[in-house]
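A quick write-up on the structure given underneath.
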Amino acid sequence: MRFFSSFAKKPILILVVLVTLLSLFVFGIATNAKLVTDLNKYMPSTHPAFMASDEAEELFNIQDSILLVVEHPTSIYNTGTLEKIQRITEDLPRQFEEIAEGKVTSLATADNITSYDGDMEVQPFYTDVPTTDEELAALEASVKANSMINGRNVSFDSTATLIIAEIDPESDATSLQKRLLEYAKSWEGPERLYVAGRPIVEGSLAELGPKDMAIMFPLVILFMIILLYLLLRSVRDTTINMIIVLFGTLFAFGTKTLLGIPIYAVDTMIPVMLIAIGVAYGIHMHNAIHHRIQDNPNLTRDQLAQSVLKEMIRPIFMTALTTAIGFMALMTSEVLPVRYFGLFAAIGVISEMVLALILFPASIYLFGIPKKKAKGLVTKQVKAPKQNRWASILMDHQRTVIVITVLIILLGGYGATKVWIDTSFLANFEPDSPIALTDVFVNQKFGGTSSLNIILSSEDEGTFKEPAVLQAMDDLQTRLSQDPMVGATFSLTTFLKQMNLVMHENDAAFETVPESRELVAQYLLLYEFSGDPETLEKVVDYDYTKANITFQLKSDSSAVLGSIIALAEEAAPTFASHGIEISFAGSGYKAFVFSSLLLKGQIISLGLSFIIVALLLTLLFKNIWVGLAGTVPIAITAVVNFGVMGLVNIPLSSATALISSIAVGIGVDYSIHLLEHYTNRRLKGFSREEATRETISHTGRAIILNAIAVMGGFAVLMFSVFPPNRQVGALIVLNMAMSALLTLTILIVIINYLDKKNRFLPKKIQQLQLTDTGVNKV
Amino acid sequence: MKNKHLKRMASIVAIALIALVSLSAALSGEEVMQEVYTRDSGNNMSANLVMTLTNSRGSTRERSIQQYRQNDSDGEKKIMFFLAPSDVKNTSFLSYSYADGRSDDQWIYLPALNRVKRVASDKKNDSFMGSDFTYDDMGTRHPSADTHKVIRTETIDGRKCLVVESIPKEAKPTYAKTLAWVVENEWIGLKKEFYLPNGKVGKKLEIDSYEKTDGVWVITDMTMSNVDKNSSTRIQMLDVTFNNDLKDSVFTERQMKIGPRI
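Protein chains in written order, with our numbering: chain A, 1 to 778; chain B, 779 to 1040.
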């Protein structure tokens, strides 16, 4: 208290300190800030699932690929297109350092296992581009005859083919996708070229999200300034409010970068949170100052500043502390960026609190006592009949409030059962955006743009030469292929079946797993003799103890991946009977594990923050009932949040789950201000009804102003072109509205009930009040 | 007596030849490689070949092969029978390469299928049996396919070697050049390095042992290391004999099915 008031008297010092810190942070951000968008950097690399996946990826050389689609209006089987395919295949590694020599697969390089007139050969479909009609027809026939290529690398209707390039996992997806799109464009006509694949989607996303935020965020701030000015009718307080939230954001990012910690994509939520929370501190301070002036217009600057500080230091400090600790609950997450997010959001909140407690008193010392403005919304409150009417309605209809709340909880609970967990990169794009359309196109024409690797491991050498094992693999591939989301599958059996077919003069009856281990071994030897032995290393290891089945999927949604994994796991007992363990690998799988980890962590920390908040409130008010009552609005807000997500089909993802911690951060502030104010009034001798009316007209107004300003600002995000940002906007509006509404309804009803039952005020005071009834009004 | 005399005669001729060679200007690269190509390798050979393949992770696969080779003016015929591993036992491989430059003919017999199949392989730089050796490396590349230059001499194991740089004539070679260390007058290579277009060594051949059997130089232990892929293949030749009495019928589809009982 003394710290804040003495500091507030020295505006020059404040300015110097602020400017120094500000320049330090701006300098830190300008020189140290490093944005990390690569999902792999987020993952806890020591987690067993990731370690196993990484090991398998290394063993089988599983890499994310980009798909370059070459589409010809009629047929790709013409000299020009085939030549273009060959040239692009050769050119890609030269143009892109992310693509290594020999990592490009196309019709010009793919192994074709065939047999003509008793010859068995494995070689590319063409090395010299066919020119005559006969040659072109022969090429088309050989593609159609090879099920390893037809429908996978070349569309069934012959109008499109894929050039698949594996890219270096360390490469920067954002820059690669930009250059690739330009590159693809340069080869167009008469063919059309498309670029698809996970790195492209990831790259565009990493570019689009922050880009959209950069456009939307100034708009959010602008709207909030306008709203704050309209609500507060004070340039001074609007300015201080904006300084608080912007400084809080800078403080969080500044300390983060000065400590050399990179900025992660999830950190874009930090300013969102800090604005929503910081505005509340400003509004409550503003509110307290104006109330004080109304109650006693003859206060000196010093008296006003001191009395406002005295009244507000406890609630503001408590709200900041609970919010900060709520955020710090995120530090239990297994995911590093989320831990940092919790820590630095908490730091931002504390800095906002300090600023609010310094800047408002300082403004009184510096600019004098704010003048009353007749038109200001806040000044109306003396008579504020609406507010008082609200209090009466509330007091008279407590049962109705309870019934409606219970109904809301039930509806929210029902909706929450419909919430589905999903993390999909593609879902972040508009359905008619080029990237989404390309994805649909590629999924229609080919096996799929996403992939899942199933890894089978055994202890015994030669396991994957056993026909029974291979048959089990083939059964798994066949069974999973029946799922409409599974496009194509590829494994050792795919090779062996094609070889068995070819070695039996293309008799379809032999497109099966060879019947003996010897035949399998001999086919494999033959393949090594005539083909590229490295191709086999992608499906089986050297000792035949581990095998890799690749499933191409037509969706990158984690929900789809989860269902395919569940389907695959049904085969676990069959494989176990052969001494084989089943596991999964690939970037899609890791993203899936990661998103569930992230989500689990966020839900745990959300639960944890409820407990912490309840404990803190209990301690601060020295009353467990108050502690519990204070968490009621937050808990219901969370239920409604998940309920609405379930009802309007917003999937629960790491971003949307994080928003519910806003509900905690803000909801608890509302509760504390309300509880504090009510307690103060009661201690000053107000009756329950008087205290309720006064609290609603005083704190209630501040809560509503805060909610309107923040909701208005973030509602702007609902007009974003980027769907995830729209969801963030909508959910913040919803959470703010619910927090405010529930605090002003059900919490008041609960407080009144507890008070009536003498469970609200501390025992000592209750006794005091009993003896000394109805005196001492200030 | 007669034998002694002959031996003496031979050594005199040899000394004279060496002197002549030394007196004459150093051999050109083309001449050296021609010598290597035409070095006596016996009319035929039989050997037991052990091939050990090691991949980049250090895992190994070992194959044991009984091999017969026959040379005549038309070209070379080779038949190989797999002895191990057991699941490929009796798989056999037959190849004809022609002196007139025609593509090789190759067949494989798979006992589990009881069928002989032709295997097409046009490319000389294809892997030899899935190893780090190519067909070219196994000694069928004709010297006229490259331009050669002796760039220096070096001593390996006390033997004077000519270091020959060979640059392929074809349009898009896998390796931009090779360096071969050829023992002067024996015309046997003791080392070879293959350079990628970027100037780095892509793979290298090292000879660990060689001997003269039945008057023919034979490399009995060699390892080709693919530096690029971090894999290697070691070939050991056991029980090598030359100039046996091998019938033409050994190099037939029928023999492929019968197996290595000759």
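Where is the CB? At the ideal position from N, CA and C, for every residue including glycine.
From the DSSP output, in three-state form, read off residue i for me.
| i | result |
| --- | --- |
| residue 952(B) | coil |
| residue 121(A) | strand |
| residue 108(A) | coil |
| residue 187(A) | coil |
| residue 357(A) | helix |
| residue 967(B) | strand |
| residue 713(A) | helix |
| residue 177(A) | helix |
| residue 52(A) | helix |
| residue 639(A) | helix |
| residue 43(A) | coil |
| residue 832(B) | strand |
| residue 499(A) | helix |
| residue 726(A) | helix |
| residue 819(B) | coil |
| residue 906(B) | coil |
State the start and end residues of the unbroken beta strand (DSSP E) segment that holds residue i.
| i | result |
| --- | --- |
| residue 1028(B) | No beta strand (DSSP E) contains residue 1028(B), which DSSP labels as neither H nor E. |
| residue 812(B) | Taken as a continuous stretch (DSSP letters only), residue 812(B) belongs to no beta strand (DSSP E), being part of the alpha helix (DSSP H) at 807-816. |
| residue 756(B) | Given that chain B is displayed from residue 779 to residue 1040, the structure contains no residue 756(B) and the question cannot be resolved. |
| residue 583(A) | 580-585 |
| residue 946(B) | 937-946 |
| residue 1019(B) | 1009-1020 |
If you compare alpha carbons, which of the options is closest to residue i?
| i | options | result |
| --- | --- | --- |
| residue 708(A) | 232(A), 18(A) and 218(A) | 232(A) |
| residue 398(A) | 34(A), 753(A) and 279(A) | 753(A) |
| residue 101(A) | 168(A), 747(A) and 394(A) | 168(A) |
| residue 538(A) | 576(A), 456(A), 250(A) and 501(A) | 456(A) |
| residue 360(A) | 724(A), 603(A) and 11(A) | 11(A) |
| residue 286(A) | 239(A), 329(A), 253(A) and 326(A) | 239(A) |
| residue 192(A) | 162(A), 640(A), 543(A) and 209(A) | 162(A) |
| residue 515(A) | 758(A), 506(A), 714(A) and 493(A) | 493(A) |
| residue 946(B) | 922(B), 1020(B), 966(B) and 825(B) | 922(B) |
| residue 621(A) | 473(A), 322(A) and 389(A) | 322(A) |
| residue 1033(B) | 962(B), 820(B) and 857(B) | 857(B) |
| residue 811(B) | 911(B), 876(B) and 928(B) | 928(B) |
| residue 841(B) | 835(B), 882(B), 865(B) and 850(B) | 865(B) |
| residue 1023(B) | 806(B), 819(B), 808(B) and 823(B) | 823(B) |
| residue 712(A) | 724(A), 432(A) and 737(A) | 737(A) |
Span of the alpha helix (DSSP H) holding residue i?
| i | result |
| --- | --- |
| residue 840(B) | No alpha helix (DSSP H) contains residue 840(B), which is instead part of the beta strand (DSSP E) from 838-850. |
| residue 28(A) | 11-32 |
| residue 129(A) | Counting along the chain, residue 129(A) falls outside any alpha helix (DSSP H), and DSSP gives it neither H nor E. |
| residue 90(A) | 79-95 |
| residue 931(B) | Careful: residue 931(B) lies outside any alpha helix (DSSP H), inside the beta strand (DSSP E) at 924-934. |
| residue 749(A) | 748-756 |
| residue 226(A) | 198-232 |
| residue 575(A) | 572-577 |
Give a single yes or no on whether residue i has its beta carbon closer than 7 angstroms to a heavy atom of the ligand ATP.
| i | result |
| --- | --- |
| residue 1034(B) | Ligands in the displayed structure: none, and consequently the ligand ATP is not present. |
Inset, instruction - Inspect the CB distances between the region 45-53 of chain A and the region 574-590 of chain A and report whether three or more fall short of 8 angstroms. - result: yes
Inset, instruction - Evaluate the contact criterion for the region 430-448 of chain A versus the region 664-679 of chain A: three or more CB pairs, one atom per stretch, below 8 angstroms. - result: no
Inset, instruction - Jot down the residue ranges of each uninterrupted alpha helix (DSSP H) in the region 411-460 of chain A, minimum 4 residues, whole runs only, in chain order. - result: 434-445, all fully within the region 411-460 of chain A.
Legend entry - Stretch-stretch touch, CB-based, cutoff 8 angstroms, three pairs: the region 568-588 of chain A with the region 929-947 of chain B: Because the criterion of three Cβ pairs below 8 angstroms is not met, the region 568-588 of chain A and the region 929-947 of chain B do not touch.
Inset, instruction - Pick out the complete beta strand (DSSP E) segments inside the region 517-559 of chain A, 3 residues or longer, and give them in chain order. - result: Segments of the beta strand (DSSP E) lying fully in the region 517-559 of chain A: 546-553.
Inset, instruction - Starting from the N-terminal side, write out each stretch of the alpha helix (DSSP H) that is 4 residues or longer and does not extend beyond the region 662-701 of chain A. - result: Runs of the alpha helix (DSSP H) lying entirely within the region 662-701 of chain A and spanning at least 4 residues, in chain order: 688-695.
Inset, instruction - Would you mind listing the alpha helix (DSSP H) stretches within the region 239-285 of chain A that are 4+ residues and don't spill past its ends, in chain order? - result: none
Legend entry - the region 524-541 of chain A: positions lying closer than 9 angstroms to chain E by Cβ: Of the protein chains in the structure, A and B, none is chain E.
Inset, instruction - Answer yes if the region 301-311 of chain A comes into contact with the region 249-263 of chain A, meaning at least three C-beta pairs across the two stretches below 8 angstroms, and no otherwise. - result: no
Inset, instruction - Enumerate, from N- to C-terminal direction, the unbroken alpha helix (DSSP H) stretches of 4 or more residues contained entirely within the region 287-322 of chain A. - result: If we require 4 residues or more, the region 287-322 of chain A turns out to have no alpha helix (DSSP H) run fully inside it.
Legend entry - Cβ contact (3+ pairs, closer than 8 angstroms) linking the region 445-459 of chain A and the region 545-565 of chain A: Contact holds between the region 445-459 of chain A and the region 545-565 of chain A, because three or more Cβ pairs, one in each stretch, are under 8 angstroms apart.
Legend entry - Stretch pair the region 417-436 of chain A + the region 521-537 of chain A: three plus CB contacts closer than 8 angstroms: no
Legend entry - Inter-stretch contact at 8 angstroms, needing at least 3 Cβ pairs: the region 20-27 of chain A / the region 501-509 of chain A: no
Legend entry - Stretch pair the region 967-974 of chain B + the region 984-1002 of chain B: three plus CB contacts closer than 8 angstroms: Yes, they touch.
Inset, instruction - Kindly confirm or deny that the region 148-163 of chain A and the region 71-83 of chain A touch, where touching means at least three C-beta pairs closer than 8 angstroms. - result: Contact between the region 148-163 of chain A and the region 71-83 of chain A is established, with three or more Cβ pairs separated by less than 8 angstroms.
Legend entry - contact_flag[the region 985-992 of chain B, the region 952-969 of chain B] where n(CB pairs < 8 angstroms) is 3 or more: yes
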